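In what follows, a structure is listed as structure tokens, so that the remarks can point back to it.
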Amino acid sequence: MAITYKTFNNADLAVTRTLLHEVIPITGSIVSGTYVEGTTNETNIKNYSHGMFQSIYDYPYLSSSANHIMDITVGYPADSAMSNSSPLAQQMQPKKINIYNQMSQLLVGFDHTGAIRPFDKDGDLTGGNKIKEAFFITFARLLVKDEIQKNTFRMSFATGGTAGNSRFLNSMTVGDYGADSSYKVNSPAGEYGILYTSSVTPNEESGVGLLYYQAGVAVLTASVFTSSAANDFGSSFGSSATSADTRNINTVLSGTAISASADGFRTRLINVEFNNTTELNSTIYFCRANHNEFNYSSNPTYLTGSKIRVKEVSKDQPLAYITTVGLYSADKELLAVAKVSEPLKKTPQNELTLRVRLDY
Amino acid sequence: MPNCLYKFETDDVFHNRIKTHPECEFYIYDSVVYYKNRSLQSGSFTPSVPNVKPGFVNLYELNVDRLSGDTGLIYPYLTKTSNVESFKTVSISHFHTQFDYGTKVTGTYPLTASIDREYFAASATRKHVDALKNVFDYYLPMSKHYKFSSSLGEKSSQALNLISVPSIFYGSSIKKGSVDLRYYVTGTLVGQLKDENRNGELIQVAPYGSTNSGSVAGTVLYNEGFLCLTGAWEINDRQLKYTGGDSVDSGRWLYFGVGANDGITGSSGETASTQTRASASFSMAFSGTHYVPVLTMMAHAQKGKLNHSNNPTYIDYESSASFLPLTGTYVYLERDRTIKNIVSASYTEPTASFKKITYISKIGIYDEYRNLIGVATVATPVKKEEEIDYTFKLKLDI
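Chains as they are written, first to last, in this note's numbering: chain F, 7 to 366; chain U, 7 to 404.
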């Protein structure tokens with residue numbers, strides 16, 4: 007318990023912020039093909055009975071070492087061509103519509119009439135082209151941390167692939183090129199950037215998706231898959247492929263379960279990489295011991311035989327050794343303690359400023 | 007949003023903590039440390055799935071089964087700014103001379119931890135022991151063997167074996183009375199130490215009746231996670247290369263844990279197989295002390311309360327022809343609705359007398375701004391009648 011307190015003034019406090027980043031590589035070998043049990047059971051992929059999304063882990067998820075990487079799902083609005091009853095057979099349509107609506111409510115919001123806004127290709131919500139059929143890739147908070155760093159997101163995938171042939175045809179890389187200066191802020195979920203296929207002269211038509219930095223969600227238009235020459239979208243390739251694997255993106259999106267679309271996308275994923283950001287906020291307390299302060303101690307060991315132990319003769323100046331700095335609340339409750347690595351000698355001849363940093 | 011909210015009163019909310027004692031065991035054999043007898047788990051990309059050596063733990067378990075040239079590794083970085091922030095692994099001079107402003111200062115993952123042994127021969131310099139001088143003396147009320155300098159030993163100069171245990175393995179402190187050290191030579195137990203008096207003294211308790219049985223061979227710094235072994239007597243006469251060189255010595259507590267991340271490598275390649283350190287193995291077991299703060303909340307469902315539900319199934323839709331309101335030029339009338347009678351009766355007709363019954367299936371916790379911040383779901387819905395009251399006990403580990 008201290009017996010002398012010194013109150014901080016404004017000049018004694020400083021607030022700083024440090025941005026810590028992590029480089030997150032996610033290769034295609036992690037999300038498909040590595041942890042296969044038997045012939046088809048991928049033990050790092052979790053499908054749920056509700057079937058609304060698929061979870062990807064970096065190791066078989068029954069192991070305690072496994073980390074959740076991301077979830078994949080698909081959706082389209084009620085006015086999408088995928089919602090028409092003909093000619094495509096449909097499966098899980100209400101769920102796909104609900105997913106699109108839920109995602110757009112959270113990430114795009116509502117217009118002045120209360121209607122849900124659809125995802126917009128260039129972020130200008132007043133008009134323009136909309137993203138209707140979309141893949142949603144929601145990255146785990148473990149990887150995203152506070153947010154994805156702008157202009158670091160790159161995702162490579164194959165837009166084609168034929169069931170009886172190669173897995174990776176017509177590869178494409180999308181990224182939030184230039185987003186560090188051109189990101190958008192008109193989303194209720196925070197900032198977002200537009201995914202382009204290259205850094206060259208992006209325009210409205212060249213946007214293929216959106217990336218929400220704080221939410222950690224990538225929205226990719228399904229139209230990138232339909233333009234490919236070889237556009238089978240099944241999850242199996244080569245000799246193990248079945249007739250179900252020769253279906254194109256439209257058929258898979260509308261006529262199969264969400265997990266089948268997720269499988270199709272996942273098995274075409276070549277690489278995802280981004281940098282995350284963690285904000286480290288610090289308050290620095292400058293604890294100043296002026297020349298005439300803190301030269302005595304209330305420590306019982308400070309005295310021996312009613313005399314100050316560290317004074318040789320009575321005319322010597324008082325001195326003390328500072329070992330600890332206590333930070334107290336206004337009610338004089340001890341909140342934090344800072345220790346110095348070795349005791350600091352304090353006499354009327356010197357002044358000390360101890361810089362105490364508190365990270366949170 | 008529920009239409010009935012009750013405020014927790016002073017006696018309804020408790021803050022307490024659960025004290026747990028997680029067990030921890032290390033086995034050291036031929037310069038390899040095994041943690042909880044876990045074997046090496048081979049992955050698809052790495053020979054060790056957690057991406058750490060045996061005996062280590064991976065903080066946050068990042069980079070599980072990842073390889074630098076294959077799947078890539080997650081790593082942290084900072085951009086050098088005038089804040090002069092850097093990683094602890096980057097020295098100050100390196101930071102100032104090797105990095106320009108705006109460049110990346112990188113670190114590595116995973117962050118790992120394991121036990122660590124340091125052996126100090128007599129009169130050898132020992133910064134890590136000297137730094138613990140005040141800590142040793144702080145424990146003096148428990149045992150005189152803690153005294154840094156006494157007739158029982160001069161820790162600043164005597165031969166000493168210091169084993170460091172990171173706090174990730176024990177939490178707040180090592181549990182008193184749980185430390186158990188076993189020294190094996192060719193598989194036979196030649197010595198065992200326990201802090202059976204719970205005062206930090208590591209007393210030789212086995213083999214029964216052995217010379218020096220009952221002697222204090224070291225002390226434990228429970229809060230700081232150090233084991234300091236000073237027992238220099240011979241506990242086994244087999245001559246082994248305990249110090250890493252070619253010199254041989256008998257088994258002593260000073261050599262306990264040799265090879266535990268102390269720079270002494272394994273015995274492969276040794277020619278004199280009768281003197282190999284691989285003949286000796288060591289077990290170290292203890293329990294930690296870990297506190298789990300718990301928030302306990304008592305949610306009361308009082309008599310005569312919570313007997314109505316907004317659930318659509320609470321209404322008997324079959325008894326009314328239409329629920330549409332009666333509307334006209336001068337009238338708008340909502341029709342009466344009947345609550346479904348779900349009281350159990352022995353006969354279909356007549357039914358039992360009506361009672362208001364609800365089934366409580368969930369309890370929502372709201373903050374002062376009425377934001378839903380938590381939901382507790384009961385295993386099976388609880389039947390709530392007007393004359394019954396319940397108290398639900400909600401526990402939350404924080």
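The beta-carbon is built from N, C-alpha and C at its ideal position, and this holds for glycine as well.
Model, not experiment: these values are computed from the prediction.
**Message:** Run through the DSSP bridge pairs and tell me what U:Glu160 is partnered with.
**Reply:** DSSP lists U:Ser155 as the bridge partner or partners of U:Glu160.
| request: Look at F:Leu19 and F:Thr330 and say whether their C-beta atoms are less than 8 Å apart. | output: No, the pair does not count as a contact, with Cβ atoms beyond the cut-off.
| query | Does the beta carbon of F:Asn73 sit closer than 8 Å to a beta carbon anywhere in chain U? | reply | Yes, F:Asn73 counts as interfacial toward chain U.
Item checked: Cβ separation of F:Thr179 and F:Met161, assumed to be a contact under 8 Å, to the nearest whole Å -> Right, their Cβ atoms sit about 7 Å apart.
(message) Taking the alpha-carbon of F:Ile78 as reference, which of F:Tyr41, F:Phe271, F:Ala342 and F:Tyr291 has the nearest alpha-carbon?
(response) Proximity to F:Ile78 across F:Tyr41, F:Phe271, F:Ala342 and F:Tyr291 peaks at F:Phe271, based on C-alpha coordinates.
Following the continuous beta strand (DSSP E) through U:Leu195, name the residue where it begins and the one where it ends.
First-last of the beta strand (DSSP E) with U:Leu195: Thr194 to Lys200.
Taking only beta carbons into account, state which residues of the stretch 90–107 of chain U come closer than 7 Å to chain F, listed in chain order.
Result list: Glu91.
Residues of chain F with CB closer than 8 Å to the CB of U:Val70, please, in chain order. Correct list: Asp64, Tyr65, Ser71, Ala72 and Asn73.
**Prompt:** U:Ser315: which of U:Ser367, U:Phe154 and U:Gly250 sits nearest, CA to CA?
**Reply:** Closest in C-alpha terms to U:Ser315, from the list U:Ser367, U:Phe154 and U:Gly250, comes U:Ser367.
Q) Which of the three DSSP states, helix, strand or coil, is assigned to F:Gly81? A) In the structure shown, F:Gly81 sits in a strand (DSSP, three-state: E or B).
Check for me: the alpha helix (DSSP H) holding F:Thr257 runs from which residue to which? Annotation for F:Thr257: the continuous alpha helix (DSSP H) segment containing it runs Ile255 to Gly261.
| said: Could you tell me the alpha carbon to alpha carbon distance between U:Ala286 and F:Leu68, rounded to whole angstroms? | reply: The straight-line gap from Cα to Cα measures roughly 37 Å.
Worksheet item: In its own chain, which residues sit with a C-beta less than 6 Å from the C-beta of U:Ser184, not counting the 5 before and 5 after it?
Response: Around U:Ser184: Phe292 and Ser293.
Compute the distance between the beta-carbons of U:Tyr176 and U:Phe288, then report whether it is under 8 Å.
Not closer than 8 Å, so no.
Ignoring anything shorter than 3 residues, give me the beta strand (DSSP E) runs that lie fully in the stretch 300–383 of chain U, in order along the chain. List check, beta strand (DSSP E) in window: 363–372.
What are the start and end residues of the beta strand (DSSP E) that includes F:Gly215? Per DSSP, F:Gly215 belongs to the beta strand (DSSP E) from Gly213 to Tyr218.
Practice prompt. Using a Cβ-Cβ cut-off of 8 Å, state whether U:Ser50 counts as contacting chain F.
Written response: By this cut-off, U:Ser50 is an interface position.
Measure from the C-beta of F:Ile9 to each C-beta in chain U and report whether the shortest distance is under 8 Å. Taking a beta-carbon distance threshold of 8 Å, F:Ile9 does not count as an interface residue toward chain U.
Cα separation between U:Lys401 and U:Leu378? Just so you know, the alpha carbons of U:Lys401 and U:Leu378 end up roughly 17 Å apart.
Any idea what DSSP makes of U:Phe175, helix, strand or coil?
In the structure shown, U:Phe175 sits in a helix (DSSP, three-state: H, G or I).
Q) Per DSSP, U:Gly78 forms a beta bridge with which residues? A) For U:Gly78, which the question treats as bridged, DSSP gives no partner whatsoever.
### Task
Reducing DSSP to helix, strand and coil, say where U:Val111 ends up.
Residue state, collapsed to three classes: strand.
Would you mind sorting U:Val1 into buried or exposed? The rule is 16 or more other CB atoms within 10 Å of its CB. Past the boundaries of the shown model lies residue 1 of chain U; chain U is included only from 7 to 404, so the question cannot be answered.
So U:Asp36 and U:Ala284 are in contact, right, with Cβ under 8 Å, and what is the actual spacing, rounded?
Approximately 4 Å separates the beta-carbon atoms of U:Asp36 and U:Ala284; this is inside 8 Å, confirming the contact.
Q) So which of F:His118, F:Tyr65, F:His56 and F:Lys151 has the shortest CA-CA distance to F:Asn104? A) Considering only alpha carbons, the answer is F:His56.
Report task. List the residues of chain F that U:Leu339 touches, going by C-beta distances under 9 Å, in chain order. Result -> Neighbours of U:Leu339 on chain F: none; closest Cβ ~29 Å, over 9 Å.
_Just checking: is the beta-carbon of U:Ile174 within a distance shorter than 8 Å of some beta-carbon in chain F?_
No, U:Ile174 lies away from the interface with chain F (no Cβ there is under 8 Å from its Cβ).
If you draw a straight line from the alpha carbon of F:Thr260 to that of F:Met88, how long is it in whole angstroms?
Here residue 260 of chain F is Ser; the residue named in the question, Thr, does not match the sequence. Their backbone Cα atoms lie some 6 Å apart in a straight line.
Item checked: The alpha helix (DSSP H) enclosing F:Val150, as first and last residue numbers -> From DSSP, the alpha helix (DSSP H) with F:Val150 extends over Arg147 to Val150.
Sequence-distant residues of the same chain with beta carbon closer than 6 Å to U:Asn69, five excluded per side = Cβ neighbours of U:Asn69 within its own chain (closer than 6 Å, five residues either side excluded): Asn57, Leu79, Ile80, Tyr115 and Pro116.
Practice problem: Show which residues of chain F have a CB atom less than 7 Å away from the CB atom of U:Gly224. | Solution: Near U:Gly224 there are no residues of chain F at all, since even the closest Cβ is about 27 Å away, more than 7 Å.
*On the premise that F:Ala344 lies in contact with F:Val362, defined as a C-beta separation below 8 Å, what is that separation, rounded to the nearest angstrom?*
Indeed, because the Cβ distance is near 5 Å, the residues count as touching under 8 Å.
For the candidate residues U:Gly380, U:Arg376 and U:Lys346, whose alpha-carbon lies nearest to that of U:Thr364?
Cα-wise, what sits closest to U:Thr364 is U:Lys346.
- So U:Thr103 is in the alpha helix (DSSP H); what residue range does that whole segment cover? For U:Thr103, the enclosing alpha helix (DSSP H) covers residues Ile98 to Gln104.
**Prompt:** Can you name, in chain order, every residue of its own chain whose Cβ lies under 7 Å from the Cβ of F:Ile314, other than the five neighbours on each side?
**Reply:** Within the same chain, F:Ile314 has close Cβ partners Tyr308 and Pro324.
Query raised in the report: Are F:Ala336 and F:Phe300 close, meaning C-beta to C-beta below 8 Å?
Result: No.
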